[in-house]
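Counting along the sequence shown from 1, when you hit position 38 you're at 168 in our numbering, and nothing is skipped either side.
Heads up: the structure comes next, in structure tokens.
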Amino acid sequence: MKGNPQLSSTLPYHIHLTIWRGEEDSGTRPCIFRWSPTLDGFSPSGFILRHHTSSGCLEEIPIDHSGLVKLPESDTLVVNGHNQFLWELRPGGKVSFMATLPERYQRLLVPNEGYDLTWPGARVEMWDWGTIRSHLNQVLPTLSNEGARPSLPIPGGSQISFMALLEPTPWPGRALRVARVGFALANIEEEQWRLEQQRPRAPSPQPISPSERVLGAPVLSVMLESSSRVMQCEIVDVILKVLYENRPESGSEDSAARPITFRTFAFEVIQGFLAGPQLQRRRVIGSDTMWEHCEPEDHCWLAIYDDPDISVHVGKDNNFVSLHPGEVWAKTCRVQLPDDVAVGDVFRFRWTGGMVDWWDWGSREEEHAQTVVKLPCWIMGKVTDPADNDGRPKLVVPASNFVEFTIVE
Numbered sequence: 131m132k133g134n135p136q137l138s139s140t141l142p143y144h145i146h147l148t149i150w151r152g153e154e155d156s157g158t159r160p161c162i163f164r165w166s167p168t169l170d171g172f173s174p175s176g177f178i179l180r181h182h183t184s185s186g187c188l189e190e191i192p193i194d195h196s197g198l199v200k201l202p203e204s205d206t207l208v209v210n211g212h213n214q215f216l217w218e219l220r221p222g223g224k225v226s227f228m229a230t231l232p233e234r235y236q237r238l239l240v241p242n243e244g245y246d247l248t249w250p251g252a253r254v255e256m257w258d259w260g261t262i263r264s265h266l267n268q269v270l271p272t273l274s275n276e277g278a279r280p281s282l283p284i285p286g287g288s289q290i291s292f293m294a295l296l297e298p299t300p301w302p303g304r305a306l307r308v309a310r311v312g313f314a315l316a317n318i319e320e321e322q323w324r325l326e327q328q329r330p331r332a333p334s335p336q337p338i339s340p341s342e343r344v345l346g347a348p349v350l351s352v353m354l355e356s357s358s359r360v361m362q363c364e365i366v367d368v369i370l371k372v373l374y375e376n377r378p379e380s381g382s383e384d385s386a387a388r389p390i391t392f393r394t395f396a397f398e399v400i401q402g403f404l405a406g407p408q409l410q411r412r413r414v415i416g417s418d419t420m421w422e423h424c425e426p427e428d429h430c431w432l433a434i435y436d437d438p439d440i441s442v443h444v445g446k447d448n449n450f451v452s453l454h455p456g457e458v459w460a461k462t463c464r465v466q467l468p469d470d471v472a473v474g475d476v477f478r479f480r481w482t483g484g485m486v487d488w489w490d491w492g493s494r495e496e497e498h499a500q501t502v503v504k505l506p507c508w509i510m511g512k513v514t515d516p517a518d519n520d521g522r523p524k525l526v527v528p529a530s531n532f533v534e535f536t537i538v539e
């Protein structure tokens, strides 16, 4: 038996087990036998859990096995070549495998206390001489149906020692997940969450400030609207409104009355040129409240990158919009929630800002009825011609407000 000397109270604890057959065994015949961590190891006659008391003694901890369900293969096993935990050994051979400490053991552990897990020894009744191949489609004999054979001893004495510990930083979602999927599955999810935290990440996008607007460009602002209560689902609809403010940024009074035409791609929630969308989930840890950034799902885009750029007529393409001062253009954004969303979760979302890749003074219907720009062949990319937007000032749009919503049944 091998195991980590430190056992987390909220993560799966894996035990490496090896069973070998002694070289001094008489004869050269192979044997097969069934030994399962579930049926034999973590059973009433299996592993013994002992606590290291403050007085230096070892105190056995009784395990409640009353909830165990008897499996069909407990008494009878038909060899099919794919049986789990059916082993074949020759003299000197060994098999190794992993087992996970069950919930009924792990829940009894007290943080900062020491424990031993010991194999007391047992005799295997389900075994026979020969190979798995030679027993295909046969019932593996047991003492109950072939009393002439002796049982197969697996001596005891092997053990591991470990200290139970609490994670220094609690997983914010643990309580909800335990209530929803149970202790054991929550352990697996927490293990995955902690691995994700160790993975190098790009920094979260910083919201663009109004001070980053460029002198001489129109003034656009973004406002979000959504319901404060959302049914438990994976998609949330948020209304994104772009306002062309009725004030000059360039200092020229006549610029405030002029319409503008711009490409709307910067306002797609899947991609922004400077920052883009941001979804956060509220976490409450004790008396502290924090907002946890939700990583977007990885998307695989099918696109052809070698074809030449395509020409697009601004006056005919629906991805170009005209606004007069004071007017608003709106669209519906679909926000993807994490897979582990639960009733009672609180999220907030905002568009953190971006830069419009093409804009010009004038309306689509008049000044830009014949205007042509070029896009990459896969469309979902920046305007390639004119590459510098004909020298016009960069149109930087600051971050929007937050919308906050609670998941309900």
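Where is the CB? At the ideal position from N, CA and C, for every residue including glycine.
- With a 10 Å radius around the Cβ and a threshold of 16 neighbouring Cβ atoms, Cys363 comes out exposed.
- Per the coordinates, the alpha-carbon of Ser452 lies some 33 Å from the alpha-carbon of Arg359.
- At a Cβ-Cβ threshold of 8 Å, Tyr235 and Ile193 count as neighbours.
- Remark: three or more beta-carbon pairs, one from each stretch, lie closer than 8 Å, so the stretch 131-147 and the stretch 230-247 are flagged as touching.
- Pro298 and Arg307 have their alpha carbons spaced roughly 19 Å apart.
- In the three-state reduction of the DSSP assignment, Leu373 falls in the strand class, which pools E and B.
- At a Cβ-Cβ threshold of 8 Å, Ile162 and His265 count as neighbours.
- Setting aside the 5 residues that flank it on each side, Glu457 is surrounded in the same chain by Tyr374, each with a C-beta closer than 7 Å to its C-beta; the list follows chain order.
- Counting other Cβ atoms within 10 Å of its Cβ, Asn242 stays below 16 and is therefore classed as exposed.
- At the C-beta level, Leu370 and Lys512 stay beyond 8 Å of one another.
- Here Val533 is not near Val352, since their CB atoms are 8 Å or more apart.
- No Cβ-Cβ contact shorter than 8 Å links Ala529 with Ile365.
- Taking Ala387 as the centre and dropping the five residues before and after it, the same chain places the C-beta of Pro455 closer than 7 Å to its C-beta, in chain order.
- With respect to Trp489, Thr394 sits apart: the two C-beta atoms are not nearer than 8 Å.
- Within the same chain, Cβ atoms closer than 8 Å to the Cβ of Gln410 are found at Trp421, Glu422, His423, Cys424, Phe477, Arg478 and Phe479, the five residues on either side in sequence being excluded.
- Assignment of beta strand (DSSP E) within the stretch 448-533, counting only whole runs of 3 or more residues, yields 450-453, 458-466, 476-481, 484-486, 489-491, 502-505 and 525-527 in chain order.
- The shortest CA-to-CA distance from Glu355 to any of Phe172, Thr419, Asp170 and Phe535 is the one to Phe535.
- With fewer than 16 neighbouring CB atoms inside 10 Å of its own CB, Ile191 falls in the exposed class.
- Secondary structure remark: continuous alpha helix (DSSP H) runs of at least 4 residues inside the stretch 257-313, in chain order: 304-311.
- Taking 8 Å as the cut-off, the beta carbon of Ala347 is found closer than this to the beta carbon of Leu525.
- The Cβ atoms of Leu350 and Asp439 do not sit closer than 8 Å to each other.
- Looking at the backbone, the Cα of Leu325 and that of Asn317 are separated by about 12 Å.
- Comparing alpha carbon positions, the residue from Arg413, Met293 and Val372 closest to Pro135 is Met293.
- Following the DSSP letters along the chain, one finds Glu422 inside the beta strand (DSSP E) bounded by residues Asp418 to His423.
- Per the coordinates, the alpha-carbon of Leu345 lies some 16 Å from the alpha-carbon of Asp487.
- Exclusion of the five residues before and after Val538 leaves Arg359 as the residues of its chain whose Cβ lies within less than 6 Å of its Cβ.
- For the pair Gly186 and Ser175, the Cα-to-Cα distance works out to about 25 Å.
- Around the C-beta of His146, fewer than 16 other C-beta atoms lie within 10 Å, and the residue is accordingly described as exposed.
- Rounded to whole angstroms, the gap between the alpha carbons of Arg263 and Gly211 is 7 Å.
- Our two residues, Gln408 and Trp481, have alpha carbons roughly 6 Å apart in a direct line.
- In the displayed model, Asp367 falls within a strand according to three-state DSSP.
- By the CB criterion at 8 Å, Val209 and Leu216 fall inside the cutoff.
- Between Asp447 and Gly303 a beta carbon distance of about 43 Å is seen, past the 8 Å cut, so the two are scored as non-contacting.
- When Asn531, His443, Asn519 and Gly484 are compared, the shortest CA-CA separation from Glu495 is found for His443.
- In the structure shown, the three-state DSSP call for Asp170 is helix.
- Comparing alpha-carbon positions, the option among Arg522, Ile178 and Val502 lying closest to Thr248 turns out to be Ile178.
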